[in-house]
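> Heads up: the sequence shown at position 114 corresponds to 1357 in the numbering used here, and the numbers run straight through without jumps. Dumping the structure here so I can ask a few things about it.
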Amino acid sequence: MLNVKLDFNTVGDSVTDDTDALQNALDALKDGGELFFPAGIYRTTACLIFYSNQHLIFEEGAVLLRGNKDLEQRYILANHTTPGKGGYSSCENVLIDGACFDGNAQIELCTTLLNTCHAKNITIRNCLFRNGCLWHYIEINSSKNVLVDACTFDSSYSTDSEKGEQVQLDLARTGSYGPIMDNSGKEVEFMPDETVCRDIEIKNCRFYGYGHAPAIGNHANAPHHHVKIHHNTFIGSFGRRGAIDFVDMMTDIEAFDNEYGD
1244 MLNVKLDFNT VGDSVTDDTD ALQNALDALK DGGELFFPAG IYRTTACLIF YSNQHLIFEE
1304 GAVLLRGNKD LEQRYILANH TTPGKGGYSS CENVLIDGAC FDGNAQIELC TTLLNTCHAK
1364 NITIRNCLFR NGCLWHYIEI NSSKNVLVDA CTFDSSYSTD SEKGEQVQLD LARTGSYGPI
1424 MDNSGKEVEF MPDETVCRDI EIKNCRFYGY GHAPAIGNHA NAPHHHVKIH HNTFIGSFGR
1484 RGAIDFVDMM TDIEAFDNEY GD
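Written out as structure tokens, the structure reads:
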């Protein structure tokens, strides 16, 4: 297991820009492995890119903070994609465990904190998402076998749009994903092949409504398949669309044993 502080000299003081050091750590494990993030607030100014067969383990108190007030840093963490790999072939077998994703309430620019695209076998577990703006906390795009488990999505979310789902399912289409810029300023391209999502499970999570958009859903016509939403708690108002809302083309949606409160 590599350590982002001990092995790559990250600082984690919320002020120092740790983007390059963190990306160096992820790049060092391009062939897979475990990467440990000790407690600290890691300021990022570009999207961090992760790869197949990586386990990203965050100690309690480890925060990925969006920190670029001058440029449109619209993403914190996303998987590696290329324009030559469509379907579910760009990234696989990844665990993200224990992270706090902070979109930074001082930055009123649209953001999605965590993205998957053309990916499969992804687990997002025990994570906290806060301070989003306009877009989403998680976008699951063109992915299958994705598990979101025991995560918390707080209500510090700045948008008045009904399309700002906290967890959105989307398809690989031009205009629906990216552009994602890495720490070198290069766009991380993807294949817009209309791949949809399938076999998505969201369980044991807590969603706090901010009054405008659903906790889980989508707003683009796409025939995503087999979505299970269960044993979650939804607290507060999610606007006119309700806590869970998908468009008509969705198939095989199961929502059960969820709790709803004020």
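Glycine included, every Cβ here is placed at the ideal spot set by N, Cα and C.
Under the rule that 16 or more other beta-carbon atoms within 10 Å means buried, what is THR1494, buried or exposed?
Within the sequence shown, the letter at position 251 stands for residue 1494. It counts as exposed.
> On the three-state DSSP scale, how would you describe LEU1249?
On the sequence shown, position 6 is the one that residue 1249 refers to. Residue state, collapsed to three classes: coil.
> Per DSSP, ILE1292 is paired with what?
If you number the sequence shown from 1, residue 1292 lands on position 49. According to DSSP, ILE1292 bridges with ALA1321.
> What is the rounded straight-line gap between the Cα of LEU1357 and the Cα of GLY1460?
Along the sequence shown, one-based indexing puts residue 1357 at 114. Along the sequence shown, one-based indexing puts residue 1460 at 217. Using only the alpha carbons, I get a separation of about 16 Å.
> Express the C-alpha separation of VAL1410 and SER1332 in angstroms, rounding to a whole number.
Stepping through the sequence shown from its first residue, residue 1332 is reached at position 89. Stepping through the sequence shown from its first residue, residue 1410 is reached at position 167. Answer to the nearest angstrom: the Cα atoms are 22 Å apart.
> Give me the residue from GLU1382, ASP1274, ASP1260, CYS1334 with the minimum Cα distance to GLY1310.
What you label residue 1310 is simply residue 67 of the sequence shown in a count that begins at 1. Out of GLU1382, ASP1274, ASP1260, CYS1334, ASP1260 has the C-alpha closest to the C-alpha of GLY1310.
> What's the call for GLN1349, buried or exposed, on a 16-neighbour Cβ count within 10 Å?
Walking along the sequence shown from the start, residue 1349 turns up at place 106. So GLN1349 counts as exposed.
> Compute the beta-carbon to beta-carbon distance between ARG1449 and THR1395, rounded to the nearest angstrom, for a pair I have assumed lies under 8 Å.
Here residue 1449 refers to the residue found at position 206 when the sequence shown is read from its first residue. Here residue 1395 refers to the residue found at position 152 when the sequence shown is read from its first residue. That belief holds up - the Cβ atoms of ARG1449 and THR1395 are roughly 5 Å apart, short of 8 Å.
> Pull up the distance between the alpha-carbon of SER1295 and that of ALA1264, whole angstroms please.
For this step, residue 1295 is matched to residue 52 along the sequence shown. For this step, residue 1264 is matched to residue 21 along the sequence shown. Going by C-alpha positions, SER1295 is about 19 Å away from ALA1264.
> Would ASP1500 be called buried (16 or more neighbouring beta carbons within 10 Å of its own) or exposed?
Counted from its first residue, the sequence shown places residue 1500 at position 257. That one is exposed.
> From THR1438 to GLU1502, what does the alpha carbon distance come to, in whole angstroms?
Position 195 of the sequence shown holds residue 1438. Position 259 of the sequence shown holds residue 1502. In a straight line, the C-alpha of THR1438 is about 32 Å away from that of GLU1502.
> Taking only the alpha-carbon atoms, compute the straight-line gap between THR1325 and ILE1443 and give it to the nearest angstrom.
Position 82 of the sequence shown, counted from the start, is the residue given in the question as residue 1325. Position 200 of the sequence shown, counted from the start, is the residue given in the question as residue 1443. Their backbone Cα atoms lie some 23 Å apart in a straight line.
> Go ahead and label ASP1274 buried or exposed: buried means 16 or more other beta carbons lie within 10 angstroms of its beta carbon, across all protein chains shown.
Against the sequence shown, residue 1274 aligns to sequence position 31. Exposed is the call here.
> Where does LEU1308 fall in DSSP's three states?
By 1-based counting over the sequence shown, the position of residue 1308 is 65. Here LEU1308 sits in strand by DSSP.
> For ALA1498, which three-state DSSP category applies?
Indexing the sequence shown from 1 puts residue 1498 at position 255. Strand.
> Looking at ASP1340: is its Cβ nearer than 8 Å to the Cβ of ARG1373?
Position 97 of the sequence shown, counted from the first residue, corresponds to residue 1340. Position 130 of the sequence shown, counted from the first residue, corresponds to residue 1373. Against a cut-off of 8 Å, the Cβ pair of ARG1373 and ASP1340 comes out as no contact.
> Under the three-state reduction of DSSP, which class applies to LEU1352: helix, strand or coil?
Position 109 of the sequence shown, counted from the start, is the residue given in the question as residue 1352. Coil at LEU1352, not helix or strand.
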